[in-house]
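**Q**
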Amino acid sequence: MKWKRDWGLTSRVILTMFLLFVVYLVFIAILLALGISMSFMIVIVVVMAFIQYFFSDKLVLWSTGSRVIQEDEYPELHRTVEKLCKEADLPKPKIAIMQSPVPNAFATGRSPKHAVVACTDSIMRLLSKDELEAVLAHELAHVKNRDILTMTIASFIAMLAAIIMQNFLFASLFSRRGEGAGAWIIAGIVAAVVWFVATLLMMALSRYREFAADRGSAYITNNPRSLISALNKISGRMDVVPPEAKAKIEGSNAFFIIPALSGNKFLELFSTHPPLEKRIANLEKVEEELRYS
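Numbering of the sequence shown is given in this note's numbering, commencing with residue 1163 and proceeding in unit increments.
(1) Give every residue of the same chain whose Cβ lies closer than 6 Å to the Cβ of Ser1388, excluding the five residues on either side of it in the sequence, and list them in chain order.
(2) Could you tell me which of Pro1255, Leu1221, Cys1247 and Val1208 sits nearest to Ile1231, measuring between CA atoms?
(3) Determine the burial state of Arg1339: buried for a count of at least 16 other Cβ atoms within 10 Å of its Cβ, exposed for fewer.
(4) Spatial neighbours of Lys1427 within its chain, please: CB distance less than 7 Å, with the 5 preceding and 5 following residues excluded, ordered by chain position.
(5) How about Ile1326 and Gly1344: are their beta carbons less than 8 Å apart?
(6) According to DSSP, is Arg1229 part of a helix, a strand, or is it coil?
(7) Since Ile1198 is in the beta strand (DSSP E), which residue starts that stretch and which ends it?
(8) Using 8 Å as the cut-off, can you tell me whether the region 1313 to 1324 makes contact with the region 1209 to 1219, which would need three or more C-beta pairs spanning the two stretches below that distance?
(9) Can you grab the Cα-Cα spacing for the pair Met1364 / Leu1438, in whole Å?
(10) If the criterion is Cβ atoms closer than 8 Å, does the pair Ala1360 and Val1185 meet it?
(11) Tell whether a beta-carbon distance below 8 Å holds between Ala1151 and Ala1320.
(12) Determine the contact status of Ile1419 and Ile1396, defining contact as a CB-CB distance below 8 Å.
(13) Are Ser1414 and Thr1226 touching if we call contact CB-CB under 8 Å?
(14) If we cut at 8 Å on Cβ distances, does Ala1267 have a partner in chain B?
(15) So what does DSSP say about Ala1280, is it helix, strand or coil?
(16) Out of Ala1380, Glu1449 and Ala1407, state which residue places its alpha-carbon closest to the alpha-carbon of Glu1249.
(17) Is the beta carbon of Ala1374 less than 8 Å from the beta carbon of Asn1266?
(18) When the Cα atoms are used, what is the spatial distance from Gln1214 to Lys1447?
(19) Would Phe1330 and Ile1347 qualify as a contact pair, given that the criterion is a beta-carbon distance under 8 Å?
(20) Using alpha carbons as the reference points, say which of Ser1455, Pro1405, Glu1406 and Arg1399 lies closest to Leu1286.
(21) Going by Cα to Cα distance, which pick from Leu1239, Glu1244 and Ile1257 is closest to Leu1223?
(22) Hey, how far is the Cα of Ser1455 from the Cα of Leu1393?
(23) Hey, would you say His1304 sits closer than 8 Å to Ala1269, going by beta carbons?
(24) Which residue spans inside the region 1254 to 1321 form an unbroken alpha helix (DSSP H) run of at least 4?
(25) Three-state secondary structure (DSSP) at Phe1217?
(26) Compare the beta carbon distance of Ala1407 and Ser1262 with 8 Å and say whether it is the shorter of the two.
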């Protein structure tokens, strides 16, 4: 099936990125008006973004305890990914396994040539062959859409605001002879507001990327029904996984196909994923498109 762009979804992504850019410009203008030097903080943020972009695969694998596997260890899994890559016109990524009772999968890496696709051992036991294919295709769609690059760019303003928000009291206390202390306090308050707005926009962008990856999976496999079935199975299994197991990996939820929420309602307000019912409705629309194409 030819890869199709959802222009409604694409327009929402562009609008969200534009709003983030506007927030960035307003924030910088306010800080400059307050007389705060931005050079040092921007250097720090650029370094952080550089590390996040170029070492994201290693950092995510390390934080989740995932291990890159060779073809002779899981030959069937390697063959499945290789077949899907041919359908998606992608180079074959590294493949990793994560030992966890939480059934899940994720993709990371700065580009299609430096990607890693990982899944937990429990998801391989839970899903059928077609369902696992659909999940892996979803992750490959993230790679094809270069979502790591998109989210790294989008997170720039939030990182800058977070640094100021976390250090404005220290900066105000050590301003020369108290000069500029008031400016730093105002900057801290503005930074908190900017961080909140930027985070909400980033989470909205992340949810749009999940919709796009679901559509991508349907186009790669030509089988959206299998992804619907897989999402239902994974979601149902999440309800019986011990909260402590989910809490161990909750910090990596943005990467997973379905977030492993341990019951923290505050985190759910900043969800990186759309509600399951909306994802299924989106896939059913794609199913109709495929049926009549």
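For glycine and all other residues, C-beta sits at the position ideal for the given N, C-alpha and C.
**A** Let me lay it out:
(1) Excluding residues up to 5 positions away in sequence, Asp1292, Glu1293 and Ala1296 lie with their Cβ nearer than 6 Å to the Cβ of Ser1388 in the same chain.
(2) Comparing Cα positions, the closest option is Pro1255.
(3) In this prediction, Arg1339 has a pLDDT of 49, which is less than 50 and means its spatial position is unreliable; nothing more can be read from the coordinates.
(4) Reliability of the predicted coordinates at Lys1427 is poor, the pLDDT of 49 falling under 50, and the value obtained from them is presented with this limitation in mind. Nothing listed; no residue qualifies.
(5) Cβ atoms of Ile1326 and Gly1344: not closer than 8 Å.
(6) Here Arg1229 carries a strand assignment [DSSP, helix/strand/coil].
(7) For Ile1198, there is no enclosing beta strand (DSSP E), as DSSP marks it with neither H nor E.
(8) A contact exists between the region 1313 to 1324 and the region 1209 to 1219.
(9) Spanning the two alpha carbons is a distance of roughly 19 Å.
(10) Judged by beta-carbon spacing, Val1185 lies within the 8 Å limit of Ala1360, meaning their Cβ atoms are closer than that value.
(11) Nothing can be reported for residue 1151, as the shown portion of the chain is limited to 1163 through 1455.
(12) Yes, they are a contact pair.
(13) Result yes, Cβ atoms of Ser1414 and Thr1226 sit closer than 8 Å.
(14) The chain inventory of the structure shown lacks chain B, comprising one protein chain alone.
(15) Strand.
(16) Distance from the Cα of Glu1249 is smallest, within the candidate group Ala1380, Glu1449 and Ala1407, for Ala1380.
(17) Contact: no.
(18) Answer to the nearest angstrom: the Cα atoms are 35 Å apart.
(19) Contact flag set, yes.
(20) What sits at residue 1286 in the sequence shown is Met, not Leu. Minimum Cα distance to Met1286 is reached at Arg1399.
(21) It is Ile1257 whose Cα lies nearest to the Cα of Leu1223.
(22) If I take the Cα positions, the gap works out to 25 Å.
(23) The answer is yes: Cβ separation under 8 Å.
(24) Correct list: 1283 to 1288, 1291 to 1306 and 1309 to 1316.
(25) Looking at Phe1217 - three-state DSSP - the assignment turns out to be coil, as it is neither helix nor strand.
(26) Cβ distance < 8 Å, so Ala1407 and Ser1262 count as in contact.
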